[in-house]
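Have a look at the structure below, then the notes.
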Amino acid sequence: TYPIQCRNVTPCLSYSRFHLDTVNLLPFVQSLINGDAPEIDHEEVLWNLTSEIIKRVDGVFDEVQSRVKAGLDEGDLISGDVVETVNTLRTLRHFARELARREEIRQVVKGSGQDPEATKNSEDHQFGMLVDDIDMCLHEFRYRQSKTVPPFKPRRGKALKNTLSKSSGGGRKNVIRRDMSKFGVGVVAFNTSLENNYMSLVNADLDKHFPNASKDKVGETLIGELVPGDKISVKLEQKHVKAEVIEILPQMESAYLSFEDYPSVYDEYQPYELLRLPTLAEIPREDVKPGLVVIDLSNSNEYRAKIQSTMNQPMARVKFIVSQHEMTRLVSPAMILGRYVPAKRKTKKPNAKTTVETKETAPPIMRPTKAGQIVEVGRRGAARVTKVHGDSVPTHVDVCFILGSAHSESMVPIEMVVLAPELDPESGRGRRQIFNSKKVASQEEIKAKDNGSDASKKLAGFVSPSSPPTTESSGDGCHTT
Numbered sequence: 001t002y003p004i005q006c007r008n009v010t011p012c013l014s015y016s017r018f019h020l021d022t023v024n025l026l027p028f029v030q031s032l033i034n035g036d037a038p039e040i041d042h043e044e045v046l047w048n049l050t051s052e053i054i055k056r057v058d059g060v061f062d063e064v065q066s067r068v069k070a071g072l073d074e075g076d077l078i079s080g081d082v083v084e085t086v087n088t089l090r091t092l093r094h095f096a097r098e099l100a101r102r103e104e105i106r107q108v109v110k111g112s113g114q115d116p117e118a119t120k121n122s123e124d125h126q127f128g129m130l131v132d133d134i135d136m137c138l139h140e141f142r143y144r145q146s147k148t149v150p151p152f153k154p155r156r157g158k159a160l161k162n163t164l165s166k167s168s169g170g171g172r173k174n175v176i177r178r179d180m181s182k183f184g185v186g187v188v189a190f191n192t193s194l195e196n197n198y199m200s201l202v203n204a205d206l207d208k209h210f211p212n213a214s215k216d217k218v219g220e221t222l223i224g225e226l227v228p229g230d231k232i233s234v235k236l237e238q239k240h241v242k243a244e245v246i247e248i249l250p251q252m253e254s255a256y257l258s259f260e261d262y263p264s265v266y267d268e269y270q271p272y273e274l275l276r277l278p279t280l281a282e283i284p285r286e287d288v289k290p291g292l293v294v295i296d297l298s299n300s301n302e303y304r305a306k307i308q309s310t311m312n313q314p315m316a317r318v319k320f321i322v323s324q325h326e327m328t329r330l331v332s333p334a335m336i337l338g339r340y341v342p343a344k345r346k347t348k349k350p351n352a353k354t355t356v357e358t359k360e361t362a363p364p365i366m367r368p369t370k371a372g373q374i375v376e377v378g379r380r381g382a383a384r385v386t387k388v389h390g391d392s393v394p395t396h397v398d399v400c401f402i403l404g405s406a407h408s409e410s411m412v413p414i415e416m417v418v419l420a421p422e423l424d425p426e427s428g429r430g431r432r433q434i435f436n437s438k439k440v441a442s443q444e445e446i447k448a449k450d451n452g453s454d455a456s457k458k459l460a461g462f463v464s465p466s467s468p469p470t471t472e473s474s475g476d477g478c479h480t481t
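What follows is the structure, encoded as structure tokens:
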């Protein structure tokens, strides 16, 4: 029958037993998954049962093989009991594979070595290896009438990976992996907002800033002085974070939960009132104890968790500020490290050798004041001023454009034109004329030295750099007035 938990009113010596068969095998495994009977070692029972059935099936295989090698058939060795035993082994194979999968997830997410009891069970009962033994046993039973059993090729699934601690790639992943190597595996496992912001905390190592946090017991004294709105430093795994007090609870019965398939950064306290068995049944207060598997009703998803510890003492409901991630949780006095003190930022000392920077002022904009000046009219190019309008201050000008087809434009606002003498085409030709004159003069001087002639007199007719150009017309069709 299905195991029923009984309690004695008075202490006495008691002995209990239960019968496990194919009828109540599924409820037994469901009890294992729900964790509603922590006093029963479900894994031990399943391990021993599966091992015994494997031995029976192997014994039938050996007897059939001996008859086949002697030239006989299997006869009446395959009875109804043997068939039922093999079918039961196939069922147990699925149960063992589910336990192996859960253990694999636990090691990836939670990390190895955090739960001594789980580590002991994982060493004693490697359900992954047990699944391989079952597959080999069923493979041999399938080919029991063959003289030569074909080799067995086990099927392997993809290995699970911790997306933060075991991934390879860019520099960000390497930084996270170095950070986790310092704190141990099992703190984070996924690329969630909480975990990414937790790993991005800089200079927040608990051992570095609060080396005596567990000995000082500051929280036991400070929790009686806190009021809503106070800022405190709180322990979150191996780092300290900023938190804002929302409510102080003078006394509360709470349990510290570690959620299945989630890393330890999600572990939290929950009051007894929000805990239920996986069957959604209420839990008597005296039954809330470490190791019990429960469901947390504070979340609509009803996550499964295992109770790590229980306590009945003052608690504080605070808002965690983990970098850019915020969340509300209950914290115990042991998690309170003190009042929050903002970290001092290091400022760079000014260098004595630094030079004083001088601000460059933009040159003033020059406007035309008389006719004949060269100006630039926006993006339309260069033009010559033909007339300036305005009594004391120029307001408009008449211009004649130089480039392209020569045309005039009247009453152009003074704000649209900028004085640009460098665009004067005559000054450009004058410079080229002066440059050519220098070149000819230098050639004449060389000849004078060679021939001894008085070539300096011949240079008197050339234009000097300071002499104005002799051309009076711009050659562009516009004339100054």
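Every letter in the sequence shown is one number past the one before it in our numbering, and letter 381, counting from 1, is 381. Ideal Cβ positions, reconstructed from N, Cα and C, are used throughout, including at glycine. Bear in mind that the values here come from a model prediction, so they are computed numbers and not experimental data.
1) For chain D, is any of its Cβ atoms less than 7 Å away from the one on Leu280?
2) What number of angstroms, rounded off, separates the C-alpha of Lys147 from the C-alpha of Glu195?
3) Check whether the Cβ of Phe401 lies closer than 6 Å to any heavy atom of the ligand PLP, and answer yes or no.
4) Would you report the Cα separation of Gly192 and Pro284, rounded to the nearest angstrom?
5) Assign Lys387 to one of three DSSP states: helix, strand, or coil.
6) Excluding the 5 residues flanking Met411 on each side, which residues of the same chain have their C-beta closer than 6 Å to its C-beta?
7) Leaving out five residues before and five after Ala213 in sequence, what residues of the same chain have Cβ atoms less than 6 Å from its Cβ?
8) Suppose the cutoff is 7 Å on Cβ atoms and the five residues either side in sequence are ignored; what does the same chain contact list for Pro38 look like?
9) Under 7 Å between the Cβ atoms of Pro250 and Pro211?
10) Just to confirm, is the Cβ distance from Ile307 to Ala255 under 7 Å?
11) Look at the alpha carbon of Arg102 and the alpha carbon of Leu77, and state the distance between them as a whole number of angstroms.
12) Expressed to the nearest angstrom, what Euclidean distance is found between the alpha-carbon atoms of Thr386 and Cys400?
13) What does DSSP give as the partner residue(s) for Ile232 in the beta ladder?
14) Buried or exposed for Ile374, please, with buried defined as at least 16 other CB atoms from any protein chain shown within 10 angstroms of its CB.
15) So is Ile365 buried or exposed if we call it buried at 16+ other beta carbons inside 10 Å?
16) Please name the residue, chosen from Arg379, Lys289 and His389, that lies closest to Leu403 on a Cα-to-Cα basis.
17) Run through DSSP, which three-state label would Ile485 get?
18) Output needed for Phe95: all residues of its chain with C-beta closer than 6 Å, excluding positions within five of it in sequence on either side, in chain order.
19) Find the nearest neighbour of Asn48 within the set Gln324, Val331 and His125, judged by alpha-carbon distance.
20) Answer yes or no: do Val64 and Glu74 have a C-beta to C-beta separation smaller than 7 Å?
21) Looking at the strands, I want to know which residues DSSP matches up with Arg276.
22) Pro271 bridges to which residues according to DSSP?
23) Could you give the distance in angstroms between the alpha-carbon of Leu280 and the alpha-carbon of Asp230?
24) Check each candidate in Val322, Asn24, Thr221 and Arg317 and name the one with the smallest Cα separation from His240.
25) With distance defined between alpha-carbon atoms, name the residue in Leu277, Glu409, Glu286 and Glu244 nearest to Glu253.
26) Quick one: Cα of Val331 to Cα of Leu32, how far?
27) By how many angstroms is the C-alpha of Glu426 removed from the C-alpha of Lys457?
The relevant details are as follows:
1) Included in the structure is just one protein chain, with no chain D present.
2) Position 147 of the sequence shown, counted from the start, is the residue given in the question as residue 147. Position 195 of the sequence shown, counted from the start, is the residue given in the question as residue 195. Approximately 57 Å between the Cα atoms of the pair.
3) For the ligand PLP, the structure offers nothing, since it holds no ligand at all.
4) Sequence index remark: in the sequence shown, residue 192 carries index 192 (1-based). Sequence index remark: in the sequence shown, residue 284 carries index 284 (1-based). At residue 192 the sequence reads Thr, which differs from the Gly that was named. One C-alpha to the other measures close to 35 Å.
5) Counted from its first residue, the sequence shown places residue 387 at position 387. The answer is strand: DSSP assigns Lys387 an E or B state.
6) What you label residue 411 is simply residue 411 of the sequence shown in a count that begins at 1. Hits under 6 Å: His396.
7) As a first step, residue 213 is located in the sequence shown; it is residue number 213 there, counting from the start. Excluding residues within five positions, the ones whose Cβ falls inside 6 Å are Leu337.
8) Counting from one through the sequence shown, the residue named residue 38 turns up at place 38. Cβ neighbours of Pro38 beyond the five flanking positions: Gly291 and Leu292.
9) What you label residue 250 is simply residue 250 of the sequence shown in a count that begins at 1. What you label residue 211 is simply residue 211 of the sequence shown in a count that begins at 1. No Cβ-Cβ contact shorter than 7 Å links Pro250 with Pro211.
10) Your numbering for residue 307 matches position 307 in the sequence shown. Your numbering for residue 255 matches position 255 in the sequence shown. Contact: yes.
11) The residue given as residue 102 occupies position 102 in the sequence shown. The residue given as residue 77 occupies position 77 in the sequence shown. So the two alpha carbons sit approximately 37 Å from each other.
12) If you number the sequence shown from 1, residue 386 lands on position 386. If you number the sequence shown from 1, residue 400 lands on position 400. Roughly 7 Å between the two C-alpha positions.
13) Numbered from 1 along the sequence shown, position 232 holds the residue referred to as residue 232. In DSSP, Ile232 forms a bridge with Ala243 and Arg339.
14) Along the sequence shown, read from residue 1 onward, the residue named residue 374 stands at position 374. Under this definition Ile374 is a buried residue.
15) Counted from its first residue, the sequence shown places residue 365 at position 365. The residue is exposed, with fewer than 16 neighbouring Cβ atoms inside 10 Å.
16) The residue you call residue 403 lines up with position 403 of the sequence shown. Cα-wise, what sits closest to Leu403 is Arg379.
17) Absent from the model: residue 485. The displayed extent of the chain is 1 to 481, so no value can be given.
18) Here residue 95 refers to the residue found at position 95 of the sequence shown. Excluding residues within five positions, the ones whose Cβ falls inside 6 Å are Val29.
19) Sequence index remark: in the sequence shown, residue 48 carries index 48 (1-based). That would be His125, whose Cα lies nearest to the Cα of Asn48.
20) As a working mapping, residue 64 is identified with position 64 in the sequence shown. As a working mapping, residue 74 is identified with position 74 in the sequence shown. The answer is yes: Cβ separation under 7 Å.
21) Position 276 of the sequence shown, counted from the first residue, corresponds to residue 276. Partner(s): Glu282 and Ile295.
22) Start at 1 with the first residue of the sequence shown, and residue 271 comes out as number 271. Pro271 pairs with Ser254.
23) Sequence index remark: in the sequence shown, residue 280 carries index 280 (1-based). Sequence index remark: in the sequence shown, residue 230 carries index 230 (1-based). Each residue's Cα considered, the two are about 37 Å apart.
24) Residue 240 sits at position 240 when you count from the first residue of the sequence shown. Checking every option, the nearest Cα to that of His240 belongs to Val322.
25) In the sequence shown, residue 253 corresponds to position 253, counting from 1. That would be Glu286, whose Cα lies nearest to the Cα of Glu253.
26) Counting from 1 along the sequence shown, the entry for residue 331 is found at position 331. Counting from 1 along the sequence shown, the entry for residue 32 is found at position 32. Using only the alpha carbons, I get a separation of about 31 Å.
27) As a working mapping, residue 457 is identified with position 457 in the sequence shown. As a working mapping, residue 426 is identified with position 426 in the sequence shown. Because the pLDDT of Lys457 is 45, which lies under 50, any placement of that residue in the model is unreliable, and the question is left without a value.
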